[in-house]
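In this note's numbering, the protein residues as written are 1 to 144. From the three backbone atoms N, C-alpha and C, an ideal C-beta is built for every residue, glycine too. Worksheet for the structure shown next.
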Ligand SMILES: [Ca+2]
Ligand SMILES: [Ca+2]
């Protein structure tokens, strides 16, 4: 009994020690270079909100709202809209997202749809964290 408890406590101590050496961004979604303001894209095309990106991993902080003329189509065979860059304050800053209007999101590591990709992913209206790998990395995206 005592030995088991010691093992559990040892594991906790190891996990805490590991967390302490991780950069803050990886463990919390906090941004080392946070966006300076909330922003929008696509309002000139319409006022249907399709996606909302957040500064922090827990769907909090400043937002980048992506608008379009209507719902995304049911299929992800081709994008409904492609954003080759973000408002400058948002490059490598978004950490979580919600998607609306039947849209799913594809993330790109670099601008102009370069580098690694994630998705299409359905973050849903309830939203989700990008995860440690994609935290503060998105530089362009498509919605479909
Ligand atoms: Ca962030
Ligand atoms: Ca990037």
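Ligand 2 heavy atom lying under 7 Å from the CB of residue i
i	result
residue 139	yes
Residue i Cβ short of 7 Å to ligand 1 heavy atom set
i	result
residue 102	no
residue 163	Outside the shown range of the chain, which is 1 to 144, sits residue 163, and nothing can be said about it.
residue 93	yes
residue 136	yes
residue 125	no
residue 58	no
residue 49	no
For residue j and residue i, the rounded distance between their alpha carbons
i	j	result
residue 74	residue 66	18 Å
residue 38	residue 56	12 Å
residue 85	residue 142	10 Å
residue 53	residue 135	12 Å
residue 77	residue 144	8 Å
residue 62	residue 126	17 Å
residue 111	residue 97	18 Å
Contact set for residue i: own chain, Cβ-Cβ below 6 Å, skip 5 residues either direction
i	result
residue 34	55
residue 82	142
Residue i CB to nearest heavy atom of ligand 4 below 7 Å
i	result
residue 110	Ligand 4 is absent from the structure shown, which contains only ligand 1 and ligand 2.
Chain-order list of residues whose beta-carbon lies under 8 Å from that of residue i (same chain, five-residue window excluded)
i	result
residue 101	48, 49, 50, 68, 70, 71, 72
residue 40	64, 65, 66, 67
DSSP bridge partner residues for residue i (one or two, in chain order)
i	result
residue 41	66
residue 141	83, 107
residue 96	54, 129
residue 117	108
Residues of its chain near residue i, where Cβ-Cβ distance is below 7 Å and the 5 sequence neighbours each way are ignored
i	result
residue 137	92, 109
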